[in-house]
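Here the sequence shown is numbered in UniProt numbering, starting from 1 and rising by one per residue. Glycine included, C-beta positions come from ideal geometry on N, C-alpha and C. Quick caveat, the model's predicted, so the values are computed rather than measured. Have a look at the structure below, then the notes.
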Amino acid sequence: LLPHHALLTSPTVVGFADGIGIIFVGTEFGVFSINLKSQQATNVYEDNHCNVLPYMSFYTPGMALLGLTR
Numbered sequence: 001l002l003p004h005h006a007l008l009t010s011p012t013v014v015g016f017a018d019g020i021g022i023i024f025v026g027t028e029f030g031v032f033s034i035n036l037k038s039q040q041a042t043n044v045y046e047d048n049h050c051n052v053l054p055y056m057s058f059y060t061p062g063m064a065l066l067g068l069t070r
């Protein structure tokens, strides 16, 4: 799943995207997203110090009042 050099130290789960089966794992060499269904890993950040805030979309309540929602 992850590159062989990514696990020189213990990985840490730093976030998850509920409902779509993705977790974010921090390693010494970056942050990786891991799709639990396909078992594919993607390096999403090259450093090991970051905050992860996964989001699918934003909802702004005022947009409905302006008629700008679909």
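Could you check the C-alpha separation between Gly21 and Phe29 for me, to the nearest Å? Numbered from 1 along the sequence shown, position 21 holds the residue referred to as residue 21. Numbered from 1 along the sequence shown, position 29 holds the residue referred to as residue 29. Straight-line Cα distance between these residues: approximately 23 Å.
Original post:
In or out: Gly26 buried (at least 16 other Cβ within 10 Å) or exposed?
Top reply: The residue given as residue 26 occupies position 26 in the sequence shown. Answer is buried; the Cβ neighbour count reaches 16.
- Item | Reduced DSSP secondary structure (H/G/I, E/B, other) of Thr9 | On the sequence shown, position 9 is the one that residue 9 refers to. Thr9: coil per DSSP, three-state reduction.
| For the putative contact between Ser33 and Phe24, defined by C-beta atoms under 8 Å, what is the C-beta separation to the nearest angstrom? | As a working note, residue 33 is residue 33 in the sequence shown. As a working note, residue 24 is residue 24 in the sequence shown. In this structure Ser33 touches Phe24 by the C-beta definition: roughly 5 Å separates them, less than 8 Å.
- Item | Residues near Thr12 in its chain [Cβ-Cβ closer than 6 Å; skip 5 each side] | Here residue 12 refers to the residue found at position 12 of the sequence shown. Correct list, in chain order: Gly26.
Between the alpha carbons of Asn35 and Leu8, how many angstroms are there, rounded? Translated into the one-based positions of the sequence shown, residue 35 becomes position 35. Translated into the one-based positions of the sequence shown, residue 8 becomes position 8. Each residue's alpha carbon lies about 21 Å from the other.
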